[in-house]
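A.B. asks: After the structure tokens below, expect a handful of questions from me.
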Amino acid sequence: MRRTREVTAGAGRSGPPAPAATRRGRGAGHGRRAGVVALAAVLLLVVLPPASGPAAASGVRAAQAPRAGAAGGTPARGAVRSGAAFDGGRAWPLAGRPRVVRGWEPSENPYGPGHRGVDLAAGTGAVVRAAAPGRVSFAGQVAGRGVVAVEVTGSGDPPLRFTYEPVRAHVAKGDEVTAGQLVGTTGPGASHCTARCLHWGLRREDTYLDPLSLLPRSLLLRGPSRLLPVFGVPVPQAVPQPSRASRAAPRRRGARGARGGRERHGGHDGRERQRRRRGT
31 MRRTREVTAG AGRSGPPAPA ATRRGRGAGH GRRAGVVALA AVLLLVVLPP ASGPAAASGV
91 RAAQAPRAGA AGGTPARGAV RSGAAFDGGR AWPLAGRPRV VRGWEPSENP YGPGHRGVDL
151 AAGTGAVVRA AAPGRVSFAG QVAGRGVVAV EVTGSGDPPL RFTYEPVRAH VAKGDEVTAG
211 QLVGTTGPGA SHCTARCLHW GLRREDTYLD PLSLLPRSLL LRGPSRLLPV FGVPVPQAVP
271 QPSRASRAAP RRRGARGARG GRERHGGHDG RERQRRRRGT
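For the sequence shown, the numbering used here assigns the number 310 to the last residue and increments by one with no breaks.
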């Protein structure tokens, strides 16, 4: 009887598990979590490998390069400078749309009077730009004036050649230039202009041409819908035309007047005939 009670009491006794069993359960849980973390790390390394080495460094530099240029880097030589009136492969030699002091006046013969170029208003030190891409064929002094000549690329054989004077050259013979690129600045020297100007010429071998003929229509426009005036030719004025009502009104008045006259004339003749019948 005493043994039965002891067994029953031992079987019904409740309490915390043995310390050894608890440590084994916790160790198994930590092991499973560590395995999951390690597996996730391996997957991340396979899917997203770290960017390192020279290739990664060059990629970073390439990505940063445009931002550095946008922040105000130095433009490459031959780039079109700001302020140039530029359209495709042509540009004005001066900033904006310069005023034409004197236009091209062709002569009847090579030795006759005329104006072999175009004069553009410009003060001393004004920036002079290439009107078209080409190669500098001359940069130096001619009769005390600085002259720059540029042969236009793709203009045939013999090529077209732009000339600018008086100019302090910023280029040398043989240099390649693009449209709108700086070639010099207006300088002192003999000039046929009353005020300071840039003489801009165009030649094909010994034949002088109008330099404005090489500029596109967009550069010759003063505004979105106004063309350059034709010097010396008056603008035709529109002759006002009468309206349809004003043209028809005199005819109606005349018709009424004529009818009224006939009526009055007819009435007078009737009275006259009546008097004759009565013998009066």
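Beta carbons: idealized from backbone N, C-alpha and C, even for Gly.
(1) Rounded to a whole number of angstroms, what is the C-alpha to C-alpha distance between Q211 and G204?
(2) Sort W134, L232, P196 by Cα distance to A225 and report the nearest one.
(3) Let me confirm a value: P123 is counted as buried when at least 16 other C-beta atoms fall within 10 Å, else exposed. Which label applies?
(4) Let me make sure I understand the geometry here. Which of R301, V177, T183, A162 has the alpha-carbon closest to that of P246?
(5) To the nearest angstrom, how far is the alpha carbon of G155 from that of P218?
(6) Classify V172 as buried or exposed, calling it buried when 16 or more other Cβ atoms lie within 10 Å of its own Cβ.
(7) In three-state DSSP terms, what is S185?
(8) P241 and F192 - do their beta-carbons sit closer together than 8 Å?
(9) With 16 as the cutoff for other CB atoms within 10 Å, does A100 come out buried or exposed?
(10) Would you tell me roughly how many angstroms separate the C-alpha atoms of D149 and H222, rounded to the nearest one?
(11) Skipping 5 residues on each side, what residues in its chain have a beta carbon closer than 7 Å to that of T237?
(12) Determine whether the beta carbon atoms of H200 and V180 lie at a separation below 8 Å.
C.D. replies: Taking the coordinates as given:
(1) 15 Å
(2) P196
(3) A residue is called buried when at least 16 other Cβ atoms come within 10 angstroms of its Cβ; P123 meets this threshold and is buried.
(4) A162
(5) For G155 and P218, the gap between their C-alpha atoms comes out near 9 Å.
(6) exposed
(7) coil
(8) yes
(9) Bear in mind that a pLDDT of 33 at A100, under 50, signals an unreliable position, so the number given afterwards is only what the model happens to contain. It is exposed - the Cβ of A100 has fewer than 16 other Cβ atoms within 10 Å.
(10) Cα-Cα distance, rounded: 9 Å.
(11) none
(12) no
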